[in-house]
Every structure is written in C-alpha cells, then in structure tokens.
Amino acid sequence: MASNKTTVYYAKSLNDVLFHLKTIPQLKIYGGCTASEKLSLSSLIISKINDFLLIDKHEHFIEFGAGVTLSQILNLGRKRIPTVLYDAAETVAYPFIRNAATIGGNICAEGIHHTLYAPLLALDAQLEIQSPTSSSFIPIIKFDKVPENSIISRIRIPSEEWDIALFRRTGPENVISDASASFAFLADTSKGILSDLRIAFSGLVSIRSKELENNLIGSKLPLTDKEIQFMLAEASDKFAKSAANIRGKNDIISLLEAQFLNLLSDSFSMLTL
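The numbering of the sequence shown is this note's numbering, which starts it at -13 and goes up by one.
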C-alpha cells in the first residue's frame, strides 16, 4: 500500500535545489507558502535562499530573484521600478501577505494567473529557467508552466519609461477567484504618433496579442472613434479565441470580457485628448 506521508526537504542554496530536483521524483517547490493548497508528498522549501533574493538594477533592465517578496519590490519605490509593476504589487492582499508572497510564487501560482502576470506580460519580462543540466531565459509570453525538474530562478524586466502606464485589478479585494483579473496598458507617443503600445489582461483568461497592438502602432493621434471601435471589436475576437477552451464558466467569461473591453475603452480614451 502506497504511503501518503508528506516529506519536506529544505534547501540552503541554488545548488541544493538543483540537486533535489535531480534526485527526488515529483518534487514540488514552495517559497513564501501563501497559497492555501496542501503540501505535496515531496515538498522542497526554498525561502531565504540568497540566490533567490537578489535585486540587480542595470541600465536597461532590473532583475529580481524569484524569492524577492512583494514588500521588497514596493520598498524600492515607484520611481525605481516600472509603474505598472509597483501598482500591481501594491494591490495584493495585505502587508503581512506581501511580506511573504514572492514574485516567483505569483507567476507560478496554480490555477488562474495572479496579479503580477499582466504587468509582466506587458513589460516583456523574461524568466530564467534552471534545471540540473541547463539554464536559459524565456519570454513570459511563451511561458506555460515550469518544466519538470526545473525552477524559475530570476525575472528580468525591461525598465523603459512610458508616456502612459496604467494598471487595474478587477474582482474581489484581497483574494483571488475566477472573477479576478489584472490589466496593464502601456503607450508611448512621439511627434503626434503612437510609437509603441502594450495591452495585457490576465486571470482565468489571459491575452497579450502583438497583432492587436500592431494594428494601432504608427497611428496618428488623437485616435478617432472609428479606430477605437475597430480595436474593441478585434480585442473581443482575441478574447473569445483565448477563452475558447474554458468550459462550464460562461457567466464568468462574459463578465471578464466586459471588464476587459471597458478597461481597454477607458485606456484608449487617454489617446484621444
């Protein structure tokens, strides 16, 4: 008869983590342990490992170790990190939760995408995936889940400045549910032209479509009502395709779509002034 006993391991360094991943089958990793799920049969606790607590600011990007807490991110101040990331971290639960919750845990949380996901999508963040045999950065837009026997070790975030940087969170306060979602809108203008645009929405349904963004990049400002209505129709189509495989939650999907389109419409209105 198989044992249901949980075995908890502790790691003191990244090398410890990689060794455990290599030697222990079906190992599950835990950081701040703010999720309500039970520990798996083989669990590895990685909180307080120095390799995952580094914050390294470069000229064009900033890197966070996966174990950096949301409070540590906020302590850097709004002027030192992308505004949408700061605003997103500030909306997560309560201070005592932000003291434990990590950026890596927010990305890897099971079920729907959590609060930081949309800002990271919009910012073109990259994730460093490490395994016992390899290490590489991948764009978060291509991230589905952490590969077997691997871990996210760092998050690299470009630190461009944007003329418009908007973050909004929808759904119940301080908890994550099917009705929760986050939205990020970034826009740059130059000489009356929309020179860059980023749109991201994440939750039960997640969207970041460069095709959608490219429809407007290069447009003259202010945007016309006709351009906005065209973009909203295109966005609705993209949303429907992204939600096509979700079954049994039609009411929630309809609610999320309405919220997404309303947020997008409000954001586009900032480009009509």
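Ideal Cβ placement from N, Cα and C applies to all residues, glycine included. Remember, it's a predicted structure, so these values are computed and weren't measured experimentally.
Helix, strand or coil at residue i according to DSSP, with G and I counted as helix
| i | result |
| --- | --- |
| R84 | helix |
| R155 | strand |
| S22 | With a pLDDT of 48 at S22, under the threshold of 50, the modelled position of this residue cannot be trusted; read the value that follows with caution. Three-state result, S22: coil. |
| L249 | helix |
| T(-8) | coil |
| L184 | The amino acid occupying residue 184 in the given sequence is Arg; Leu does not appear at that position. Here R184 sits in strand by DSSP. |
| K196 | helix |
| A170 | strand |
| K43 | strand |
| P133 | coil |
| L62 | coil |
| I126 | helix |
| T55 | strand |
| D2 | helix |
| S205 | coil |
| P105 | helix |
| G97 | coil |
| G189 | strand |
| I89 | helix |
| I238 | helix |
Beta bridge counterpart(s) of residue i as assigned by DSSP
| i | result |
| --- | --- |
| K14 | S29 |
| Q116 | S121 and I137 |
| A213 | Residue identity differs from the one stated: residue 213 is Glu in this sequence, not Ala. The partner list for E213 (beta bridge, DSSP) is empty, contrary to what the question assumes. |
Supposed contact pair residue j and residue i - C-beta distance, whole angstroms, cut 8 Å
| i | j | result |
| --- | --- | --- |
| P68 | L109 | 6 Å |
| V78 | P105 | 12 Å between Cβ atoms; not a contact. |
| Q250 | L207 | At residue 250 the sequence reads Leu, which differs from the Gln that was named. At roughly 17 Å, the Cβ-Cβ gap does not stay under 8 Å, so L250 and L207 are not in contact. |
| I93 | L102 | 7 Å |
Among the options, nearest to residue i - alpha-carbon criterion
| i | options | result |
| --- | --- | --- |
| W148 | S168, A165 and L172 | L172 |
| A(-3) | G17, L247, L106 and I31 | I31 |
| L202 | I193, I162, E213 and V161 | E213 |
| T119 | K235, K224, L7 and F254 | L7 |
| F246 | S28, I162, D223 and L257 | D223 |
| E76 | P144, R154 and D252 | R154 |
| L56 | G63, D42, I89 and E45 | I89 |
Kindly confirm or deny that the stretch 132 to 139 and the stretch 220 to 232 touch, where touching means at least three C-beta pairs closer than 8 Å.
-> No, they do not touch.
Is the stretch 75 to 86 touching the stretch 174 to 188, taking contact as three or more C-beta pairs under 8 Å?
-> Fewer than three pairs of CB atoms, one per stretch, sit closer than 8 Å, so the stretch 75 to 86 makes no contact with the stretch 174 to 188.
The stretch 160 to 171 / the stretch 185 to 200 touching (three or more Cβ pairs under 8 Å) = Cβ pair count under 8 Å is three or more, so yes.
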